[in-house]
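What follows is one structure encoded as structure tokens, with my remarks underneath.
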Ligand SMILES: Nc1ncnc2c1ncn2[C@@H]1O[C@H](COP(=O)(O)OP(=O)(O)O)[C@@H](O)[C@H]1O
Ligand SMILES: [Mg+2]
């Protein structure tokens, strides 16, 4: 699990993704008793998500899984709350043994792109064990190049983008096998399109694994929220689903109000594209004073400079900020 | 059968509708039932007898479109329609009368038992309409819930479609009042995996037909077929540095047979083999594919059915992941083909299949031996096989390339091509170095050498060795 030692509370996009998740849970809380849930996740050294869930909902049963020895020791050292137990275990072993009577929120926060197939198999093994009302969040590495990084050559020269996408697609095809969703081609291995393909692979893996239970028990997996975001050199995809009974959907949407939320993805097709600019405190304050309502032009005029290489990129950055500013992290310097 | 009155001296022995509707449909999988409908489209193309403009694409221009949802299933094609006479005589009968075999006697269809269309309809729902638009006329046949429960009525009305402005000559079948289990499976993708599963199944079983120009759509998404090719070294490579396929062709008892087996991909490196054993892929291009009259009936099989693990051939194992073979049977008389009634399996007792199986095993053994010979020396083998070029299935099976064929027992209509396969050079044999190190140590060295701690352990070991070899020889 590379990333285990990176201070990710400093990363604005990842932070927005996490705050959206908390907001989602707030809405789910109108339908299911989130404080009674158990939370399971890969907490790494910082256990940010554990702190957030505890402070927002007062969850008391929390498990963190970590396979790396050093990261585990560091995690143990840092455990911020008494109600967090941590285990030195691989996610696959945890899932193999998983058998819970307690309603559970699980976040499989995968980082490595190379183990995608194993990750999808783990997700499959887990979903068939989930109970009605359980919530699953998954993070996958959505950076196509991370599958086989480094310079590659073709006929003695550096390969072109098209050659690279052909090569990566072949690799994905062998690696994913039947998980490869239909209707995609090497062109879909661009950073912009790849998250959609991954979401399709996840959908297929999950629906295939769950079909038996769906037909025999009348339950299904409802997607709730999906996000793609840039995190340093990596693009990540997250999606959150819940297990519901057939015919429960309308009541669920009514009670949670998810239909009117504006960030929900109730099918496997769409996702939030989070790419907010990293802002100084001064920038943030000046922009926020024009929000909600201010136009990108207005904001850029007020600032007097561009964020990207050109005006178009700047407008995109500001538009994205306008969409997600409520979830933007506030950083403060802390002295101990 | 219309007379149901039972004579007091005779026992009732006629069929009931339930027998066909509830019983016969139990043994068939929903997907197979749908494949049966697609088979009918293809048989329709055969029946049009239009000589194709491109001989390699005899189905070009023809298509079938399947759509389904929780309230309805439909399949529509432009394959010429069900001829009126056929509809009148037997297309709607349960089972094909013997004399009707004559009807399609000189075209290579796959329909045999006269049950596919009806069984598929009964499997899915209680109400159906079949519309046929042929050159001569357009007509429709409705199968209603009432008819489906009436044991005395064994005929259906044919109605003329007057407004036949439909541009395509073809057939349309619509099934409604779906059975509960079926409607559930037809739920949208994202909820049900049915669409994806059907896509995969069709792309496997109709791969040959699709490659020959036929187009299939499922809920508006076009289905693409996977390539089948085998590696073949170019002519200028010497005999002991070659990778080639094993080929066989013959005509036996009215059945044309053609077979090819070899490497569709290179041998795996040790690290790839490790990964493969850890997370088995659910799709592998390895194994045997068997095709009867263009229809794939067995797809990538790796069991005893196709000769693995019997008579001296080892059982399938990831080491053999590069080995693939295809056998094509072709006959105008579908009864002679070694196919099971569901068209997803071979009839293992068929003489023609038992005969060919010897050659399948003979071919397999050469390639399993090859991987054994090169085990531990994969790098060198990959140098050789990396130069070989993929040759497409059509060329392997029917290509006219001049080859050094061997006639089997001097028969003129039976021959095989025995490949030359590379052998390791003996003067400087390769030995395997094997040792284990802890993951953290490997990562440290990997980071030192490549600035990437996730490099495959085998590559890390090799890089260490190469570095010292360079020192030793400088
Ligand atoms: N879409 C179609 N186009 C042309 N002919 C069709 C079509 N569907 C069914 N038929 C014909 O109707 C007849 C009955 O079909 P079926 O019940 O599948 O039995 P079988 O194909 O075994 O004879 C067959 O002769 C078949 O070729
Ligand atoms: Mg048929």
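Chains as they are written, first to last, in our numbering: chain A, 458 to 793; chain B, 789 to 1262. Ideal Cβ placement from N, Cα and C applies to all residues, glycine included. Keep in mind the model is a prediction, meaning the values are calculated, not measured.
When the Cα atoms are used, residue 913 (chain B) and residue 704 (chain A) turn out to be separated by approximately 22 angstroms. Residue 688 (chain A) is bridged by DSSP to A:691. Considering only beta carbons, the part of the region 634-647 of chain A lying closer than 9 angstroms to chain B consists of 634, 635, 636, 637, 638, 639 and 640, in chain order.
When rounded, the separation of the alpha-carbon atoms in residue 563 (chain A) and residue 674 (chain A) is 22 angstroms.
Counting every other CB atom within 10 Å of its CB across the protein chains shown gives residue 649 (chain A) a total below 16, marking it as exposed. Per DSSP, the beta-bridge partners of residue 1019 (chain B) are B:1178. In terms of beta-carbon proximity, residue 664 (chain A) lines the interface with chain B, with at least one pair separated by less than 9 angstroms. The beta carbons of residue 880 (chain B) and residue 944 (chain B) sit closer together than 9 angstroms.
Residues of chain B with a Cβ closer than 8 angstroms to the Cβ of residue 571 (chain A) are, in chain order, 1242. Close to chain B, meaning a Cβ-Cβ distance shorter than 9 angstroms, are the following residues of the region 675-694 of chain A: 675, 677, 678, 679 and 680. Ranked by Cα distance from residue 560 (chain A), the first of A:516, A:748, A:523 and A:572 is A:516. Taking a cut-off of 8 angstroms for Cβ pairs, the region 1008-1023 of chain B and the region 1130-1142 of chain B do not touch, as fewer than three such pairs fall below it.
Closest option to residue 751 (chain A), judged by alpha-carbon separation, among A:776, A:732, A:738 and A:733: A:776. Shown here for residue 883 (chain B): same chain residues with a beta carbon closer than 7 angstroms to its own, the five before and five after excluded, namely 901, 902 and 903 in chain order. Residue nearest to residue 581 (chain A) within the set A:664, A:503 and A:644 is A:664 (criterion: CA-CA distance).
By the rule that beta-carbons nearer than 9 angstroms mark a contact, residue 578 (chain A) touches chain B.
Taking 7 angstroms as the cut-off between beta carbons, the residues of the region 540-571 of chain A near chain B are 571, in sequence order.
Per the Cβ contact rule, the region 753-762 of chain A is not in contact with the region 704-723 of chain A (fewer than 3 Cβ pairs under 8 angstroms). Chain-order list of chain B residues neighbouring residue 493 (chain A): empty, with the shortest C-beta distance near 28 angstroms, by a criterion of under 8 angstroms.
Under the Cβ distance rule, residue 507 (chain A) does not count among the residues neighbouring chain B, no pair being separated by less than 9 angstroms.
As a beta-bridge residue in DSSP terms, residue 1080 (chain B) pairs with B:1083 and B:1117. Relative to ligand 2, residue 898 (chain B) has its C-beta within less than 8 angstroms of a heavy atom.
Secondary structure at residue 725 (chain A): coil, using DSSP grouped into helix, strand and coil.
Between residue 1145 (chain B) and residue 1091 (chain B), the CB-CB gap reaches or exceeds 9 angstroms.
Spatial neighbours of residue 468 (chain A) in its own chain (CB-CB distance under 6 angstroms, excluding positions within 5 residues in sequence) are listed in chain order as 688. Chain order gives the chain A residues near residue 972 (chain B) as 671 and 672, where near means a beta carbon separation below 8 angstroms. Using a Cβ-Cβ cut-off of 7 angstroms, residue 1160 (chain B) is close to nothing in chain A; its nearest Cβ partner there is about 23 angstroms away. Proximity to residue 1175 (chain B) across B:1053, B:909, B:1165 and B:878 peaks at B:1053, based on C-alpha coordinates.
Scanning B:1001, B:1037, B:1237 and B:1240 for the CA closest to the CA of residue 841 (chain B) turns up B:1001.
It is roughly 13 angstroms from the alpha-carbon of residue 557 (chain A) to the alpha-carbon of residue 592 (chain A). With 16 or more other Cβ atoms from the protein chains shown falling within 10 Å of its own Cβ, residue 661 (chain A) counts as buried.
In terms of Cβ geometry, residue 700 (chain A) and residue 595 (chain A) do not form a close pair [threshold 9 angstroms].
Remark: C-beta atoms of residue 851 (chain B) and residue 994 (chain B) do not approach each other more closely than 9 angstroms. Neighbours of residue 661 (chain A) in chain B, taken as residues at a C-beta separation under 7 angstroms, are given in chain order as 981 and 984.
Within the chosen limit of 8 angstroms, ligand 1 reaches the beta carbon of residue 865 (chain B) through at least one heavy atom. In this structure, the beta-carbon distance from residue 1114 (chain B) to residue 1067 (chain B) does not fall below 9 angstroms.
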